[in-house]
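Position one of the sequence shown corresponds to residue 4 (the numbering used here), numbered consecutively onward. Glycine included, every Cβ here is placed at the ideal spot set by N, Cα and C.
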Amino acid sequence: MVRRNSTHWFQSRRPASFSQIHSVLPSTGAGYTEGAVSCRGVEPIVQVRNLTKRFRGVQKPPGVLGAFRSLFKRRYRDITAVDGVTFEISPGERVGFLGPNGAGKTTTLKMLSGILYPTSGEATVLGFNPTDRKPAMLKRIALVMGNKMQLWWDLPAWDGFLVLKEVYDVPDAEFRHRVDGLIEALDLSEKVNTQVRRLSLGERMKCELVAALLHDPSLVFLDEPTLGLDVVSQKRIREFLREYNEQRGATLLLTSHYMQDVAEVCDRVVVIDRGRLVFDGSLGELVRRFSATKVLKLVLNHPVQESDLRRYGDVLTCTEYQVVLEVERGQVTSVAARILAEQPVEDLTVEELGIDEIIRRLFGEG
4 MVRRNSTHWF
14 QSRRPASFSQ
24 IHSVLPSTGA
34 GYTEGAVSCR
44 GVEPIVQVRN
54 LTKRFRGVQK
64 PPGVLGAFRS
74 LFKRRYRDIT
84 AVDGVTFEIS
94 PGERVGFLGP
104 NGAGKTTTLK
114 MLSGILYPTS
124 GEATVLGFNP
134 TDRKPAMLKR
144 IALVMGNKMQ
154 LWWDLPAWDG
164 FLVLKEVYDV
174 PDAEFRHRVD
184 GLIEALDLSE
194 KVNTQVRRLS
204 LGERMKCELV
214 AALLHDPSLV
224 FLDEPTLGLD
234 VVSQKRIREF
244 LREYNEQRGA
254 TLLLTSHYMQ
264 DVAEVCDRVV
274 VIDRGRLVFD
284 GSLGELVRRF
294 SATKVLKLVL
304 NHPVQESDLR
314 RYGDVLTCTE
324 YQVVLEVERG
334 QVTSVAARIL
344 AEQPVEDLTV
354 EELGIDEIIR
364 RLFGEG
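Listed below in structure tokens is the structure:
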């Protein structure tokens, strides 16, 4: 049933050289340098200007009596989920959308895909107003949500693909060629005829990706696509997304609480906190801007008292033979030289502070 032609499918619409894509796709804008696709003179695929979304929520009074009164006379308050966000995304980019719970990430994705109406501001997706939900736009986008499914629980995944084929009006030959390639790329050959309810979480998410991509969208929104998956499944999905972007030229906008997803898939990061955009640039720039320190990892020849190491910097961890220190960025060279001269060091490495910790501190300070 499944033809083994995933490599051919990935490359079937790829230019003779991927550098040809570079020559026609615009640059990303602020701070985006690492792995950027240069696309000067081409219209951004997503344009957002002062996008704002407010919800009206019930203000619950304290106590039982207050709760009883609210049944008859309610007080309301405005909740700002997204507050004046502005950014652009160019064709072919892989953009990570980061923020704590409640920051407005999913709300923004829903506005860009036309599920929610903005309170104010403007958004343009593929040249369309997403709230119009015109078929010409919907056929060129996809939304994958890790906590929601579009496949039917009691049907085999293949039957769900057939239904979506009709929804998106995909010609038979294109459908078979495209879906077979996706199935092969995601190693689902033995699973597509199984009821969705009987698949593992990782297998279900892979099937969801096939369902989302079978109409060959040029813009893919991914909201927590690796949520709850095991490490192996997470890695395979990250690899697949990067391959899909590189071979098909599709634009990816990814939200995730797993920083590894963003680090491995995305070249550019947009950080949102309390509905407001606080950073837009490369991962490297994020590290440089929000981390004033670096990490020194030591392997010792014999144990040293932790108190003897505190004069070099903050001791993050200290075991018998391994120590991790946090040192001011400007003092790394001198501190490393002192440690090598004064301590029984077998090995010393210098690393940037982990992206997880940088984001945690950024949001904590916000």
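Which one of the options has the shortest CA to CA distance from residue i?
i: G87; options: V327, G205, I275 and S259; result: I275
i: L365; options: F293, R72, L189 and L167; result: F293
i: D270; options: G99, Q62 and E46; result: G99
i: G205; options: G231, G60, Y324 and R72; result: G231
i: A215; options: G163, V61 and D264; result: G163
i: R341; options: R363, D350 and Y315; result: Y315
i: W105; options: H260, A339 and S337; result: It is worth fixing the name first, because residue 105 is Gly in this sequence and not Trp. Answer by Cα proximity: H260.
Let me know if residue i comes out buried or exposed under the rule of 16 or more other beta-carbons within 10 Å of its beta-carbon.
i: D175; result: exposed
i: Y79; result: exposed
i: R97; result: buried
i: W161; result: buried
i: E227; result: buried
i: D359; result: exposed
i: L167; result: buried
i: E177; result: exposed
i: G107; result: buried
i: F75; result: exposed
i: N53; result: exposed
i: Y120; result: exposed
Is the beta carbon of residue i less than 7 Å from the beta carbon of residue j?
i: V49; j: V147; result: no
i: R241; j: V268; result: yes
i: R181; j: L217; result: yes
i: T258; j: G95; result: no
i: T197; j: P138; result: no
i: K297; j: V330; result: yes
i: T1; j: S123; result: This structure does not reach residue 1, given that the chain is present from 4 up to 369, and the question cannot be answered.
i: A84; j: G278; result: yes
i: R72; j: V61; result: no
I need the straight-line Cα distance from residue i to residue j, nearest angstrom please.
i: G34; j: R291; result: Note that G34 has pLDDT 33, beneath the 50 cutoff, so the model's placement of it is unreliable and the number below is only indicative. So the alpha carbons of these two residues sit roughly 12 Å apart.
i: N132; j: Q153; result: 23 Å
i: V195; j: N150; result: 20 Å
i: V353; j: G284; result: 24 Å
i: Y324; j: G184; result: 49 Å
i: E345; j: R313; result: 13 Å
i: R179; j: P103; result: 40 Å
i: I92; j: V265; result: 16 Å
i: A126; j: E349; result: 56 Å
i: M4; j: L303; result: Bear in mind that the predicted position of M4 carries a pLDDT of just 42, short of 50, making it unreliable; the figure below should be weighed with that in mind. C-alpha separation (whole angstroms): 57 Å.
i: V45; j: V307; result: 59 Å
Looking only at its own chain, which residues have a Cβ that is under 8 Å from the Cβ of residue i, when we skip the five neighbours before and after it?
i: I144; result: S116, V128, L129, P220, S221, L222, V223 and F224
i: V199; result: M152, L154, W155, W156, D157, L158, P159, A160, G163, R207 and C210
i: L289; result: V272, V274, F282, I358 and I361
i: C321; result: E309, L312 and V327
Once you ignore the five residues that flank residue i on each side, which residues in its own chain have a CB closer than 6 Å to its CB?
i: R245; result: V268
i: K209; result: L189 and L191
i: R136; result: G117
i: T110; result: K56, A84 and V85
Starting from the C-beta of residue i, find all residues in its chain whose C-beta is less than 7 Å away, skip the five residues before and the five after it, and write them out in chain order.
i: T31; result: For T31, the predicted model reports a pLDDT of 32, less than 50, meaning its position is unreliable and no value from the coordinates is stated.
i: K142; result: Y171 and H218
Give a yes or no on whether 7 Å exceeds the smallest Cβ distance from residue i to chain C.
i: I118; result: Structure shown: chain C not included; a single protein chain is present.
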